[in-house]
Amino acid sequence: MEPLIQIKDLVKIYHLGEMEVQALGGVSLSIKRSEFVAIMGASGSGKSTFMNILGFLDHPTSGEYLLDGQSGTNLSRDELAEIRNQKIGFVFQGFNLLSRTSALENVQLPLIYGQIPSKKRKEMAQQALSAVGLEGRTHHHPSQLSGGEQQRVAIARALVNRPPILLADEPTGNLDSKTSGEIMAIFQRLNDETGITIVMITHEQDIAAYGKRNILFRDGRVVEDSVS
Amino acid sequence: MTALFASIRIALRALMVNKMRSSLTMLGIIIGVGAVIAMIAVGSGAKRRIAEQIASMGSNLFVVLSGSATSGGMRWGSGTVPTLTAEDAKAIAAEIPGVKYVAPNLNGVAQVVFGNQNWSTVINGSTPEVLEIRDWSLASGRSFTQQDIDGATKVCILGKTVAENLFGGSDPTGQIVRIKKFPFAVIGVLAPKGQSAWGQDQDDVIFVPLTTAQKRLFGMQFPGMVRSISIQAQGPEVMKEVENQIVDLLRQRHRLQPNQENDFSVRNLTEVASSAEESAKVMSLLLGAIASISLIVGGIGIMNIMLVSVTERTREIGIRIAVGAKVRDILLQFLIESIVLSLIGGALGIGIGIAGTLILSTFTQWPVLFSTQAILLAFLFSGSVGVFFGFYPARKASLLNPIEALRYE
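Right, dumping it as structure tokens:
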């Protein structure tokens, strides 16, 4: 079976006025299905740029990236949006929930843009919330939830469309160590039970340890790739 | 359809978050729509009043006035020299095919007495056709007959104002009034006609047979003379032709040489009327245009607030785009928000516009006229203001870069 993610000579150059900044300097790697990858690196190492490209939020300057056999090159804004909707679940450091809407509605958001009828949408959202242990708090608004609960809502939102890959950008960055452990436990369980591929950025060694494979970025290149 | 309702619900919720801001933004549209409704109502009220007055005057009308006198190089006004005769009127009726009715007039002001009441009014000597020309019906009694004209009988028909002033509430028909000391039998009372386009009370008049007026009331040195001849053409299309024929016929009858000026003048009253109507139309258009400006100002208010709203919700937009919202989804979300804002404002504006207009007309006695069309138009216009001024902010939102939007604090 071919890998879920195939990346070859990925280069990203930003133009900041006159200056050119090379964020990625030729990254090649592949990630198989059901892997749990932790990406590490100091700030400015290019790991966030890498994640943006991985999430079809940004185009690489050159190089090749295939997700599930699908390339993002030459695709329109709307086509990229559709790929994000169908194949990628995002979990962010700052949770990024819509503040004035309930947990259930937040989780339904990707389904709304996936044109799923309202009744089915609610069912799927309920299921996703149950999967992260929040079945009792579906009608709470983000402000009524703790940080850990908010991040679980965000995970439920990422999972609700059953995408093949979950991209997490510093998912524990705003959480204390106990709650971080709980979130990681959920990631591990999801990875084991559903076989969802997880790619997670973190700068914390102990969080990275939850991943089965660790990749270290430095100056826009992969400098270390180890399976634990 | 359900998707649309869901979008409207989302928009309403977003607007409810900032109630104060939303209602102030709406106020611009409310005032704009209210002003448009009120101005159109006032304008069309005025237009209708003028149209009614014109209709009460009669349609396709000419008035031939006897000529102006020239004495010692000084020219006097029309009608100062009696040059028209009842025979002229008969000739016009007989010889010009496009003419429907002809009525010669000889009028003057006289004091009318009944019992202990008296009233000064216009006495109009004419033929029965005069009522046909002016499309004037009788409220009671009868009109003149040919016998009345031939015999110069002392009968009269009273206008509403005269009847009220002399008789109060009672029926004047069959009573005897005195005009210039002569007793006249009242044979009929005219239906009320109201003000003319020039503000005259048309009901303040008495009609008597032409011959009676000539022989008894306003006797002149030349028997048979009349002051003017009213003529109604058969339709608007023959007006020009009839006018030329009247001039030719009268010049011939008055034996005028080619180098002599007309000793009479022909006035086309329809032209006078249509110019009055035209100015009313321009007036109401102008009022509507001024009011529309306030609606546009309201629209700019919407645009301003929507731009603020897009900036405030940059992060929300970033989240939506990240999880798969397409350009159209975001565009529609913000567009619907501004349309909902402007349509609610439009609906409230209609209510306030109607209420305000009614209050205005109560205090000023201006005639107002609401039309469903105008109200619908104002509502649709407010909707299109929402689309027009909401589009730019919505477009801006839909094209945000998701990476930057997600990082926005």
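Going down the list, the sequences are from chains A and B.
Sequential numbering from 52 applies to the first sequence in the working numbering.
Sequential numbering from 8 applies to the second sequence in the working numbering.
All C-beta atoms, glycine included, are put in the ideal place defined by N, C-alpha and C.
### Where the beta strand (DSSP E) containing Thr128(B) begins and where it ends
Working through the second sequence from its first residue, we reach residue 128(B) at position 121. For Thr128(B), the enclosing beta strand (DSSP E) has its first and last residue at 124-133.
### Query
Can you find at least 3 beta carbon pairs, one from the region 318-330 of chain B and one from the region 362-382 of chain B, that sit closer than 8 Å?
Verdict: no, contact absent.
### Task
Express the C-alpha separation of Gln166(A) and Leu350(B) in angstroms, rounding to a whole number.
By one-based count along the second sequence, residue 350(B) stands at place 343. By one-based count along the first sequence, residue 166(A) stands at place 115. In a straight line, the C-alpha of Leu350(B) is about 27 Å away from that of Gln166(A).
### Task
Return no unless some Cβ of chain B is closer than 8 Å to the Cβ of Arg151(A).
Locating residue 151(A) in the first sequence gives position 100, counting from the first residue. Closer than 8 Å to some Cβ of chain B, the Cβ of Arg151(A) qualifies, so yes.
### Query
Is there a Cβ from chain B that is less than 8 Å from the Cβ of Pro54(A)?
The sequence position of residue 54(A) within the first sequence is 3, counting from 1. Cβ-Cβ to chain B under 8 Å: no for Pro54(A).
### Task
List the residues that DSSP assigns as beta-bridge partners of Thr92(B).
Here residue 92(B) refers to the residue found at position 85 when the second sequence is read from its first residue. As a beta-bridge residue in DSSP terms, Thr92(B) pairs with Met232(B).
### Message
Strictly under 8 Å for the Cβ-Cβ distance: is Glu284(B) near chain A by that measure?
### Response
Here residue 284(B) refers to the residue found at position 277 when the second sequence is read from its first residue. So, not an interface residue.
### Task
State the start and end residues of the unbroken beta strand (DSSP E) segment that holds Tyr261(A).
Within the first sequence, the letter at position 210 stands for residue 261(A). Note, Tyr261(A): premise wrong, no beta strand (DSSP E); not H, not E.
#### Entry: Distance between Gln118(B) and Ala58(B) (C-alpha atoms, nearest Å)
Indexing the second sequence from 1 puts residue 58(B) at position 51. Indexing the second sequence from 1 puts residue 118(B) at position 111. Using only the alpha carbons, I get a separation of about 33 Å.
### For Glu275(A), the residue or residues it bridges with in DSSP
Counting from one through the first sequence, the residue named residue 275(A) turns up at place 224. Answer is Leu267(A).
### Message
With a threshold of 7 Å (Cβ to nearest heavy atom), would Gly206(B) be considered close to the ligand MG?
### Response
Ligands in the displayed structure: none, and consequently the ligand MG is not present.
### Message
Contact criterion: CB-CB distance below 8 Å. Does Leu302(B) meet it with respect to chain A?
### Response
As a working mapping, residue 302(B) is identified with position 295 in the second sequence. Residue-level contact check: Leu302(B) does not touch chain A, since none of the beta carbons of chain A fall below 8 Å from its beta carbon.
### Within-8 Å CB hit, Gly165(A) to chain B
As a working mapping, residue 165(A) is identified with position 114 in the first sequence. The beta carbon of Gly165(A) sits closer than 8 Å to some beta carbon of chain B.
### Query
Identify the residues that DSSP records as bridge partners of Phe191(B): which are they?
Taking the first residue of the second sequence as position 1, residue 191(B) is located at position 184. DSSP output for Phe191(B) lists Val184(B) as bridge partner(s).
### Query
By DSSP, does Asp155(B) sit in helix, in strand, or in coil?
Translated into the one-based positions of the second sequence, residue 155(B) becomes position 148. DSSP places Asp155(B) in helix when its eight states are reduced to three.
### Query
With Ile206(A) and Thr248(A) assumed to form a contact (beta carbons below 8 Å), what rounded beta-carbon distance in angstroms separates them?
On the first sequence, residue 206(A) is found 155 positions in, with the first residue counted as 1. On the first sequence, residue 248(A) is found 197 positions in, with the first residue counted as 1. Contact between Ile206(A) and Thr248(A) is absent: CB atoms are separated by about 14 Å, not below the 8 Å threshold.
### Task
Go ahead and pull the three-state DSSP assignment for Gly94(A).
As a working note, residue 94(A) is residue 43 in the first sequence. Reading off the sequence shown, one finds Ser at residue 94(A), where the question assumed Gly. Ser94(A) falls in the coil class under three-state DSSP.
### Task
Go to Gln57(A), then tell me how far its beta strand (DSSP E) extends in each direction, as first and last residue.
What you label residue 57(A) is simply residue 6 of the first sequence in a count that begins at 1. Per DSSP, Gln57(A) belongs to the beta strand (DSSP E) from 56-67.
### Query
Taking the continuous beta strand (DSSP E) assigned at Asp220(A), which residues delimit it?
Here residue 220(A) is taken as the residue at index 169 of the first sequence, counted from 1. In the DSSP annotation of this structure, the continuous segment of the beta strand (DSSP E) that includes Asp220(A) starts and ends at 216-220.
### Below-8 Å beta-carbon distance, Lys26(B) vs any chain A residue
One-based indexing of the second sequence puts residue 26(B) at position 19. With its beta carbon at least 8 Å from every one in chain A, Lys26(B) lies outside the interface.
### Task
Answer with buried or exposed for Tyr261(A), where buried requires no fewer than 16 other C-beta atoms within 10 angstroms of its C-beta.
Here the question's residue 261(A) lines up with position 210 in the first sequence. That one is buried.
### Task
Flag this pair as touching only if the region 21-36 of chain B and the region 258-267 of chain B have three or more C-beta atom pairs under 8 Å; answer yes or no.
Between the region 21-36 of chain B and the region 258-267 of chain B, the count of Cβ pairs shorter than 8 Å is below three; the stretches do not touch.
### Task
Look up Lys247(B) in the DSSP assignment and say whether it is helix, strand or coil.
Start at 1 with the first residue of the second sequence, and residue 247(B) comes out as number 240. The answer is helix: DSSP assigns Lys247(B) an H, G or I state.
### Query
So what does Glu71(A) bridge to, in DSSP terms?
As a working mapping, residue 71(A) is identified with position 20 in the first sequence. Looking at the DSSP assignment, Glu71(A) forms a beta bridge with His66(A).
### Task
Measure how close the beta-carbons of Phe214(B) and Ile164(B) come, nearest whole angstrom, since I'm counting them as under 8 Å.
Counting from 1 along the second sequence, the entry for residue 214(B) is found at position 207. Counting from 1 along the second sequence, the entry for residue 164(B) is found at position 157. Yes, they are in contact, since the Cβ atoms of Phe214(B) and Ile164(B) sit about 4 Å apart, within 8 Å.
### Message
If you reduce the DSSP assignment to three classes, tell me which class Pro111(B) lands in.
### Response
Start at 1 with the first residue of the second sequence, and residue 111(B) comes out as number 104. DSSP places Pro111(B) in strand when its eight states are reduced to three.
### Query
Along chain A, in chain order, which residues have C-beta atoms closer than 7 Å to that of Ala329(B)?
Your numbering for residue 329(B) matches position 322 in the second sequence. Here the neighbours are Leu108, Arg135, Phe141.
### Query
Name the chain A residues that come within less than 7 Å of Ile410(B), Cβ to Cβ?
The residue labelled residue 410(B) in the question sits at position 403 within the second sequence. Chain A residues near Ile410(B): Asn103, Leu108, Asp109.
### Query
Would the beta-carbon of Thr90(B) fall within 8 Å of that of Gly74(B)?
Counting from one through the second sequence, the residue named residue 90(B) turns up at place 83. Counting from one through the second sequence, the residue named residue 74(B) turns up at place 67. In this structure, Thr90(B) places its C-beta atom within 8 Å of the C-beta atom of Gly74(B).
### Query
Nearest CA to the CA of Ala98(B): which residue from Glu244(B), Phe12(B), Leu256(B), Ala10(B)?
Along the second sequence, one-based indexing puts residue 98(B) at 91. Here the closest residue by C-alpha is Leu256(B).
### Task
Kindly identify the DSSP beta-bridge partner or partners of Ile275(B).
Residue numbering aside, residue 275(B) sits at position 268 when the second sequence is read from its first letter. In the sequence as presented, Ile is not what sits at residue 275(B); that position holds Asn. For Asn275(B), which the question treats as bridged, DSSP gives the partners Phe69(B).
### Contact with chain A by Leu339(B), beta-carbon distance below 8 Å
The residue given as residue 339(B) occupies position 332 in the second sequence. Using a Cβ-Cβ cut-off of 8 Å, Leu339(B) does not count as an interface residue toward chain A, since no Cβ of chain A sits closer than that to its own.
### Query
Under three-state DSSP, which class holds Ile103(B)?
Reading the second sequence from its first residue, position 96 is the one you call residue 103(B). It is coil, neither helix nor strand.
### Status (buried if at least 16 other CB within 10 Å, exposed otherwise) for Ala209(A)
By one-based count along the first sequence, residue 209(A) stands at place 158. Flag for Ala209(A) reads buried.
### Query
Going straight from the alpha carbon of Glu462(B) to that of Trp143(B), what length do you get?
Any answer about residue 462(B) is impossible in this case: the structure gives chain B only from 8 up to 416.
### Message
Rounded to the nearest angstrom, what separates Lys173(A) and Leu155(A) at their Cα positions?
### Response
Indexing the first sequence from 1 puts residue 173(A) at position 122. Indexing the first sequence from 1 puts residue 155(A) at position 104. Roughly 7 Å separates the two Cα atoms.
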